[in-house]
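Numbering (the working numbering), first residue to last: 44 to 341.
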């Protein structure tokens, strides 16, 4: 009875939260062409930031401004407007990998929540394949991470993010610890910081400048400042709970024929890999490149 209650609660959490579709698969459908959604996303986020600035009332308050932007972009936690907007937007290409995903044929009893049923779609942003769930991590978990950062600093925020992956948003429920989720959390925190802080994005001023108590946009938001190859779970690979890992590996090996024929669809250059590993060295990534097809299919 107790385990059944845990299952129902976990299912309720995922279905009612912005993190429904909690896992994703960028290994599958790699050769399917998708249009880049960068400009579409930029138009949306910039319009919402601008609207927030134009509607501002009261004295300057960087935190409250960030909170209002979060509400405009993301809504309340259980309704994640941004994910719904992307998911329902006909201008954005979506790839549904669930029927043939690396989580297919995994028995329900292997995880608290049946991972084969919660595979989010893939979209293409800034030249990278990204799970739709990553925008929940950016704007929702990233907001909570930003609050932790303001109270307790960078290290505490990094530990908060890693704790969500060890807990109900990852390993404990789905059996998956997603390094790419942590990257999206980190970038979400930096997005909220960059509204009012210079050089959060290297070489760039804050998005908002204030004239007394009046905010205005001094530069545009660009999703390319945040999305990179480490949002892709076939490159920045996951750690799996015992029992799940063997079944995922079996499904990954089925992709080896396609990989050997065209490895460029899945590989990352050594220089970019090293750069991103250094960039995210402090956020709690579990180093496990053995789940890359380059390692599996040798």
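Think of the CB as a built atom: it goes at the ideal place given N, C-alpha and C, for glycine as much as any other residue.
Spatial neighbours of residue 235 within its chain, please: CB distance less than 6 Å, with the 5 preceding and 5 following residues excluded, ordered by chain position. 109, 189
Sheet register partners of residue 282 (DSSP bridge): 220
Buried or exposed (CB count within 10 angstroms, at least 16 for buried), residue 269: buried
Can you grab the Cα-Cα spacing for the pair residue 330 / residue 102, in whole Å? 45 Å
So for residue 87, helix, strand or coil by DSSP? helix
Quick check for students: name the residue ranges of the alpha helix (DSSP H) that lie wholly in the region 294 to 335, counting only runs of 4 or more. 299 to 304, 313 to 322
Among all the DSSP beta bridges, which residues are the ones paired with residue 257? 254
Take the Cβ of residue 59 as the centre, count every other Cβ of all protein chains shown within 10 Å, and call the residue buried at 16 or more, exposed below. At residue 59, the pLDDT of 44 sits below 50, so the modelled position is not reliable and the matter cannot be decided from this model.
Backbone secondary structure at residue 209 - three-state DSSP: helix
Straight-line gap, residue 232 to residue 328 (C-alpha atoms, nearest Å): 16 Å
Between the region 174 to 187 and the region 277 to 297, can you find at least three pairs of beta-carbon atoms closer than 8 Å? no
Contact between the region 173 to 181 and the region 288 to 295 is defined here as three or more beta-carbon pairs at a separation below 8 Å; is this criterion met? no
Is the CB of residue 184 under 7 Å away from at least one CB in chain E? Within the model displayed, chain E is absent; a lone protein chain is all it includes.
Taking DSSP as the reference, what is the three-state secondary structure of residue 167? strand
Assuming residue 263 and residue 148 are in contact, meaning their beta carbons sit under 8 Å apart, how far apart are those beta carbons, in whole angstroms? Not confirmed; about 45 Å, so no contact.
CA-CA distance, residue 61 and residue 212? Legend: pLDDT at residue 61 = 45, less than 50; position of this residue unreliable, no value from coordinates given.
N- and C-terminal bounds of the alpha helix (DSSP H) containing residue 128: 124 to 131
Buried versus exposed call for residue 69 [16 or more other C-beta atoms within 10 Å across all chains shown]: buried
Tell me the DSSP secondary structure of residue 162 in three-state form. strand
Pick out whichever of 230, 255, 258 has its Cα sitting closest to the Cα of residue 245. 230
Beta-carbon proximity check, residue 259 vs residue 96, cutoff 7 Å: yes
According to DSSP, is residue 173 part of a helix, a strand, or is it coil? strand
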